[in-house]
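Q: Residue numbers are given in this note's numbering: position 193 of the sequence shown equals residue 207, and the series is strictly consecutive.
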Amino acid sequence: MPTGGCYNLTGVTPRQHNKDGSGEPEPTAVRVRPARAIPTPADDAARLLLQAPRSIPPKYFYDARGSALFDAITDSPEYYPTRAERALLKASGPRIMELARPDHMLELGSGSSSKTRELLDAWDGPGYGESPRTYWPFDVSESALSEAAAALRLRYPGLQITPLVGDYSGGLTNFPRMTGRVLAVFLGGTIGNFTPEEAVAFLSELARWMDEDDSLLIGFDRVKDKAVLEAAYNDAAGLTAEFNLNILRVLNRELGADFDTARFSHMAVYNTEADQIEMYLVPDSDQVVSLQTPQATLELVAGEKILTEISRKFTPESFVGLLEASGFALVESFEPEDGYFSLALARPRSMV
Ligand code: SAH
Ligand code: AVI
Numbered sequence: 015m016p017t018g019g020c021y022n023l024t025g026v027t028p029r030q031h032n033k034d035g036s037g038e039p040e041p042t043a044v045r046v047r048p049a050r051a052i053p054t055p056a057d058d059a060a061r062l063l064l065q066a067p068r069s070i071p072p073k074y075f076y077d078a079r080g081s082a083l084f085d086a087i088t089d090s091p092e093y094y095p096t097r098a099e100r101a102l103l104k105a106s107g108p109r110i111m112e113l114a115r116p117d118h119m120l121e122l123g124s125g126s127s128s129k130t131r132e133l134l135d136a137w138d139g140p141g142y143g144e145s146p147r148t149y150w151p152f153d154v155s156e157s158a159l160s161e162a163a164a165a166l167r168l169r170y171p172g173l174q175i176t177p178l179v180g181d182y183s184g185g186l187t188n189f190p191r192m193t194g195r196v197l198a199v200f201l202g203g204t205i206g207n208f209t210p211e212e213a214v215a216f217l218s219e220l221a222r223w224m225d226e227d228d229s230l231l232i233g234f235d236r237v238k239d240k241a242v243l244e245a246a247y248n249d250a251a252g253l254t255a256e257f258n259l260n261i262l263r264v265l266n267r268e269l270g271a272d273f274d275t276a277r278f279s280h281m282a283v284y285n286t287e288a289d290q291i292e293m294y295l296v297p298d299s300d301q302v303v304s305l306q307t308p309q310a311t312l313e314l315v316a317g318e319k320i321l322t323e324i325s326r327k328f329t330p331e332s333f334v335g336l337l338e339a340s341g342f343a344l345v346e347s348f349e350p351e352d353g354y355f356s357l358a359l360a361r362p363r364s365m366v
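1) Out of 179, 155, 327, which one is the CA nearest neighbour of residue 264?
2) How about residue 199 and residue 228: are their beta carbons less than 8 Å apart?
3) Excluding the five sequence neighbours on either side, which residues of its own chain have a C-beta within less than 8 Å of the C-beta of residue 259, listed in chain order?
4) Could you name the residues of the same chain whose beta carbon sits closer than 7 Å to that of residue 344, not counting the 5 residues immediately before and after it, in chain order?
5) Let me check you understand the geometry: is the CB of residue 248 closer than 7 Å to at least one non-hydrogen atom of the ligand AVI?
6) Between 109, 305, 224, which lies nearest to residue 364 when the distance is taken from Cα to Cα?
7) Taking residue 312 as the reference, give the member of 175, 271, 328 with the closest Cα.
8) If you drop the 5 nearest sequence neighbours on each side, which residues of the same chain put their C-beta closer than 7 Å to that of residue 185?
9) How far does the beta strand (DSSP E) with residue 279 in it reach, from first residue to last?
10) So residue 250 is in the beta strand (DSSP E); what residue range does that whole segment cover?
11) In three-state DSSP terms, what is residue 22?
12) Between residue 209 and the ligand AVI, is the CB less than 7 Å from at least one heavy atom?
13) Please list the terminal residues of the continuous alpha helix (DSSP H) segment that includes residue 58.
14) When burial is assigned at 16 or more other CB atoms within 10 Å of the CB, is residue 54 buried or exposed?
15) Decide if residue 252 is buried, meaning its Cβ has at least 16 other Cβ atoms within 10 Å, or exposed.
16) Distance, Cα to Cα, residue 125 vs residue 159?
17) Just to confirm, is the Cβ distance from residue 150 to residue 119 under 8 Å?
18) Could you give the distance in angstroms between the alpha-carbon of residue 101 and the alpha-carbon of residue 347?
19) Looking at the unbroken alpha helix (DSSP H) that takes in residue 94, where does it start and where does it end?
20) Please state the DSSP three-state secondary structure of residue 218.
21) Does DSSP put residue 324 in a helix, a strand or coil?
22) How many Å lie between residue 79 and residue 266 at the Cα?
23) Looking at residue 303: is its Cβ nearer than 8 Å to the Cβ of residue 321?
24) Since residue 235 sits in a beta bridge, which residues does DSSP pair it with?
25) Residue 151 bridges to which residues according to DSSP?
26) Can you tell me the Cβ-Cβ gap for residue 257 and residue 83, rounded? I've got them flagged as a contact below 8 Å.
27) Suppose the cutoff is 7 Å on Cβ atoms and the five residues either side in sequence are ignored; what does the same chain contact list for residue 354 look like?
28) So which of 164, 282, 153, 173 has the shortest CA-CA distance to residue 133?
29) Give me, in chain order, the residues of the same chain whose beta-carbon lies closer than 7 Å to that of residue 72; leave out the 5 immediate sequence neighbours on both sides.
30) Report the three-state DSSP secondary structure of residue 311 (helix, strand or coil).
As structure tokens, this is what we get:
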């Protein structure tokens, strides 16, 4: 495994001891040092929000409130991806573990790690063996990570759990050293939140970091009926609308801005040409928003759309194409009868 090894421990708290009685404290969180500069919120505002066509990077959704809203969305009747993927993980967990035989599980954008339990159950098998297994959830949201780790430590007392705090736009090379086989996991169809170019760059970097025996398990939401897709992003309870508007509260904090969320509407439409949901915030009236960092005024016109997220949908051909373009080869894929969602197990291609 590439060494990386450049990381700082934050808040090493001896609140739990290993099952083997070694008394080694489990770190509460390890901050992954970025390998390259991450644009500041002010940089992103200057580049993306203050110029047309306007957009806001979706990572700003995930403050503590946004992460909680996302979790609420996953329980809504309209948002099928979480239920579909959980069922696949439950049914295919043992097969995935048989193929990947990991010593480490590194989950990118792990959030609540709730579906990951299906994999952890399958990994558990007859009990944790001699080699200590480690689950490394990696996320930009510290609140989501710490809540997930606390719940998992209760449920899996024999598992080493080391949360990694970081932003994957800072790179995927500075993870702590992981000795043995790694199963990298990227669930939720989150790869669909990247543009095609970003997705290839992200997965290629991951493929280069991985060793020949490592595997990637990745979830892809599938192209399907437009009405089903649009309903999933326009739930009747208004959770997705609230999640979308929450990004303005985050910007108010990060940029010293004065967005009034009551003056914006949520919009989510499926673009059949690009095979993607596009989520926007739309000002209800002409308005001027002040920003402190960078010092600027943002003049918005009623009806002008601000892009907050794309969520790309895949066919079996398009997800295999993405994997291959990124240096992976498909080992096996898993999908339900309705074809709503796919899980793909892949290996770095030159090594298959
Ligand atoms: N994997 C979970 C959560 C998906 S939501 C699931 O399938 O349900 C997307 C997750 O990615 C959130 O937890 C969010 O905090 C995280 N995330 C978004 N942008 C990120 C970034 N740039 N770096 C690291 N994590 C990020
Ligand atoms: C995290 N990601 C896969 C979700 C999605 O479906 O694209 C985020 C989301 N946005 C609105 N609802 C859910």
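Yeah, the Cβ is synthetic: ideal placement off N, Cα and C, and Gly gets one too.
A: Walking through what the data contain:
1) Nearest C-alpha to residue 264: 155.
2) No, Cβ-Cβ distance for residue 199 and residue 228 is not below 8 Å.
3) 275, 278, 280, 295, listed in sequence order.
4) For residue 344, where only same-chain residues beyond five positions count, the Cβ hits under 7 Å are 334, 337, 358, 360.
5) Incorrect: residue 248 has no Cβ contact closer than 7 Å to the ligand AVI.
6) Closest option to residue 364, Cα to Cα, is 224.
7) Nearest neighbour of residue 312 by Cα position, chosen from 175, 271, 328, turns out to be 271.
8) Cβ within range, chain order: 48, 49, 50, 219.
9) Looking at the DSSP string, the run of the beta strand (DSSP E) that includes residue 279 is 278-285.
10) Unbroken run through residue 250: none, as it is neither H nor E.
11) With a pLDDT of 34 at residue 22, under the threshold of 50, the modelled position of this residue cannot be trusted; read the value that follows with caution. In this structure, residue 22 counts as strand in the three-state DSSP scheme.
12) False, no ligand heavy atom lies under 7 Å from that Cβ.
13) Per DSSP, residue 58 belongs to the alpha helix (DSSP H) from 55-58.
14) With fewer than 16 Cβ atoms within 10 Å of its Cβ, residue 54 is classed as exposed.
15) The residue in question, residue 252, is exposed, as its Cβ has fewer than 16 Cβ neighbours within 10 Å.
16) Going by C-alpha positions, residue 125 is about 6 Å away from residue 159.
17) Their beta carbons are under 8 Å apart, which means residue 150 touches residue 119 by this criterion.
18) Answer to the nearest angstrom: the Cα atoms are 14 Å apart.
19) It spans 94-114 - the alpha helix (DSSP H) in which residue 94 sits, taken as one unbroken run.
20) Of the three classes helix, strand and coil, the one that applies to residue 218 here is helix, per DSSP.
21) Residue 324: strand per DSSP, three-state reduction.
22) Taking the Cα positions, residue 79 is about 14 Å away from residue 266.
23) Their beta carbons are not under 8 Å apart, which means residue 303 does not touch residue 321 by this criterion.
24) According to DSSP, residue 235 bridges with 355.
25) DSSP, once it has assigned bridges, lists 121 as partnering residue 151.
26) Between residue 257 and residue 83, the beta carbon gap of about 4 Å places them in contact (Cβ cut-off 8 Å).
27) Excluding positions up to five away in sequence, the list reads 94, 98, 236, 238.
28) If we check each option's Cα against that of residue 133, 173 comes out closest.
29) So the qualifying residues of the chain are 207, 322, 323.
30) Looking at residue 311 - three-state DSSP - the assignment turns out to be strand.
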